[in-house]
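For the sequence shown, my numbering begins at 737 and goes up steadily by one.
Glycine included, each C-beta is placed from N, C-alpha and C at the ideal position.
The structure displayed is predicted, hence computed values, not measured ones.
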Amino acid sequence: MSTHRSSAAEPWPGWTPSRAAQAAYGEHLVRIAELIPALLNMYVMDRQGLAAAHGAGRQDLVDSHVRSVALECRDDLLETAAALDALALCHGPGSYLPRPYQEVDGQPPAPGVALRTDASDVADQAVRHDRRHGTSKTGDLPPALEDGCTDTQRDAARAYVRREWLASQPEFADD
Numbered sequence: 737m738s739t740h741r742s743s744a745a746e747p748w749p750g751w752t753p754s755r756a757a758q759a760a761y762g763e764h765l766v767r768i769a770e771l772i773p774a775l776l777n778m779y780v781m782d783r784q785g786l787a788a789a790h791g792a793g794r795q796d797l798v799d800s801h802v803r804s805v806a807l808e809c810r811d812d813l814l815e816t817a818a819a820l821d822a823l824a825l826c827h828g829p830g831s832y833l834p835r836p837y838q839e840v841d842g843q844p845p846a847p848g849v850a851l852r853t854d855a856s857d858v859a860d861q862a863v864r865h866d867r868r869h870g871t872s873k874t875g876d877l878p879p880a881l882e883d884g885c886t887d888t889q890r891d892a893a894r895a896y897v898r899r900e901w902l903a904s905q906p907e908f909a910d911d
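Here it is, written out as structure tokens:
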């Protein structure tokens with residue numbers, strides 16, 4: 737277990753966030769830093785539990801787990817999208833991979849480009865969820881991303897997730 741105490745200046749040991757990440761998330765970068773390992777662990781544990789219940793023939797547990805996962809889907813999408821967005825901001829501004837993307841042998845995409853693309857793709861899933869279920873807290877939903885979407889549309893999906901995530905934080909939430 738690490739004894740490192742997260743701060744906005746150093747969320748993880750030896751890692752300094754970019755000015756863009758600090759400007760977008762400010763003091764909440766510490767929460768983002770806490771989310772990343774928690775999300776990774778949560779997914780592993782959820783899958784293990786679901787697999788064990790399925791293996792034991794416990795359909796009641798499988799059904800219960802599926803309902804629980806469905807209810808938590810939006811929060812998970814939002815937290816994952818915010819974490820990816822914060823990481824992508826640390827790589828600076830730039831372009832995205834085209835949609836649809838076809839890998840060219842021997843030419844992997846630059847890490848920042850791939851991370852920005854992943855951040856916008858997960859943000860798009862949050863946008864689609866909010867459109868389908870009417871769960872937006874801030875409104876002004878951008879259009880869902882489609883093949884041939886522009887970098888501006890991808891930026892808009894990520895900006896939407898930032899607003900939604902910040903609005904979901906206790907000090908910003910409506911009482």
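For the pair glutamate 808 and leucine 771, the CB atoms are not nearer than the 9 angstroms cut-off.
In this structure, threonine 871 sits near arginine 810, with a CB-CB distance shorter than 9 angstroms. Every unbroken stretch of the alpha helix (DSSP H) spanning 4 or more residues and falling wholly within the stretch 748-795 is given here in chain order: 755-761, 765-791. According to the DSSP assignment, arginine 898 belongs to the alpha helix (DSSP H) that extends over 887-904. Here tyrosine 761 is near leucine 825, since their CB atoms are less than 9 angstroms apart. When the Cα atoms are used, glutamine 843 and histidine 827 turn out to be separated by approximately 19 angstroms. For alanine 756, the closest C-alpha among the options Gly830, Asp799, Tyr837, Tyr779 is that of Gly830.
Per DSSP, threonine 853 is one residue of the alpha helix (DSSP H) stretching across 847-869. A distance below 9 angstroms separates the beta carbons of leucine 820 and leucine 851.
Going by C-alpha positions, aspartate 860 is about 8 angstroms away from arginine 890. Sequence-distant partners of alanine 846 (beyond 5 residues in either direction) whose C-beta falls short of 7 angstroms from its own C-beta are missing from its chain. From the listed residues His764, Pro753, Asp887, Thr752, the smallest Cα separation to glutamate 907 is found for His764.
Here alanine 819 carries a helix assignment [DSSP, helix/strand/coil]. If you draw a straight line from the Cα of isoleucine 768 to the Cα of tyrosine 779, it is about 16 angstroms long. DSSP places arginine 835 in the coil class of the three-state scheme, outside both helix and strand. By the criterion of a C-beta distance shorter than 6 angstroms, alanine 862 is surrounded in its chain by Leu813, Leu814, Ala817, Val897, once the five residues flanking it on both sides are discounted. Listed in chain order, the non-local C-beta contacts of cysteine 885 below 8 angstroms within the same chain comprise Arg835, local neighbours out to five positions each way being set aside. Put simply, the backbone Cα of glutamine 795 is about 15 angstroms away from that of arginine 783. Taking the CA atoms as reference points, alanine 792 sits about 29 angstroms from proline 773.
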